[in-house]
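Notes for the one structure printed next.
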Amino acid sequence: MTAAIHLRVLGPADTALHPAYCDYVARVFTQADFRRWCEWGQWSESYRAFCLFDGERVVANAAVSRMRLWVEGEEVEGFQLGAVGCLPGYRGQGMARRAMQAALAACGSAPVLLFANPTVAEFYPRFGFAAAPQWRFETRAELRPGAEPAPRLDLAEPADRAEFLRLAAVAAPSAGTFAARDYGRIATWYAANGYAAPLRRLDRDTLVFAQAEDGVLTIEDVFAAAPDRFDLAAALPRLIDAPVHTVSFGFGPPRGWAQAAATAIEEDAHLFVRGLDLEALPAHRFPLLART
63 MTAAIHLRVL GPADTALHPA YCDYVARVFT QADFRRWCEW GQWSESYRAF CLFDGERVVA
123 NAAVSRMRLW VEGEEVEGFQ LGAVGCLPGY RGQGMARRAM QAALAACGSA PVLLFANPTV
183 AEFYPRFGFA AAPQWRFETR AELRPGAEPA PRLDLAEPAD RAEFLRLAAV AAPSAGTFAA
243 RDYGRIATWY AANGYAAPLR RLDRDTLVFA QAEDGVLTIE DVFAAAPDRF DLAAALPRLI
303 DAPVHTVSFG FGPPRGWAQA AATAIEEDAH LFVRGLDLEA LPAHRFPLLA RT
């Protein structure tokens, strides 16, 4: 069976093979789907899937996203791995290892990060990765709804999606310690799968993924071209329709929120890094919508 297995690197132009990749993802990661994201035209040159094919079927994979990482105020070129795995019937034959080796070879000596499934957490240290705990950030804030709710954008609409991608390409990092830039096409994957909070427009150059529930306003991400010139705190009442007492952040420490504290380890975020020394950094949270 394995004699016919071969490696192929898929990019945005390989549309004839995208369905095979989507089938692989759906079978290995039951809560993930790439079909709608592909239909939205979001597979760009920054995303490559290192697939092992058996005939016309993808049986193992390690995908690479080129990232503009932000580490303590400096931009660093790096990569993020995702959709690493193998179909059940092909496990135990080194397939995932082979895909990982091909993907990492393409990354060269640049920093690499990935968010792992805890059931395979022992797999990644074999490739030089080290665990990096992520923290939750929140602050107390007694807020009441504002008079003018912020309008919503629907990323299923091409015009709204184009507006979001325009801003995401130039937005400043949402956190100053460990974050990223220009990851709009990763964020659209969450929207395409219904995993992102509603996207709200605060002004022409400030968009926010946010939702409120049970008195907690969760700001999943902020895409702002000039965050230092925009008062996000003053705009928060436009994001709620009932009083809230706490603001929680999907990144951190959030820029401009000195009062936001790291409250607990993010238990379901298993971040591994290679070529990055994050141990010396203060508590941080890589943005939720930048994770692959």
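Everything in the sequence shown is counted per my numbering, starting at 63 for the first residue and increasing by one. All C-beta atoms, glycine included, are put in the ideal place defined by N, C-alpha and C. Computed from a prediction, not measured in an experiment: that's the story for all the values here.
- In the DSSP annotation of this structure, the continuous segment of the beta strand (DSSP E) that includes Y109 starts and ends at 109-116.
- For the pair A254 and T77, the Cα-to-Cα distance works out to about 18 Å.
- In the three-state scheme derived from DSSP, where H, G and I count as helix and E and B as strand, R188 is classed as helix.
- For G147, the pairing in a beta bridge is given by DSSP as N123.
- For H68, the pairing in a beta bridge is given by DSSP as F115.
- Straight through space, the alpha carbons of R97 and A88 are spaced by roughly 9 Å.
- A residue is called buried once 16 or more other Cβ atoms fall within 10 Å of its Cβ, and A259 is buried on that count.
- Under the three-pair Cβ rule at 8 Å, the region 135-147 counts as touching the region 175-189.
- Our two residues, T268 and E210, have alpha carbons roughly 16 Å apart in a direct line.
- With 16 or more other Cβ atoms inside 10 Å of its own Cβ, L72 counts as buried.
- Scanning R266, R262, Y245, D293 for the CA closest to the CA of T280 turns up R262.
- Inclusion of I302 and A274 in the CB contact set at 8 Å is warranted, their separation being smaller than that value.
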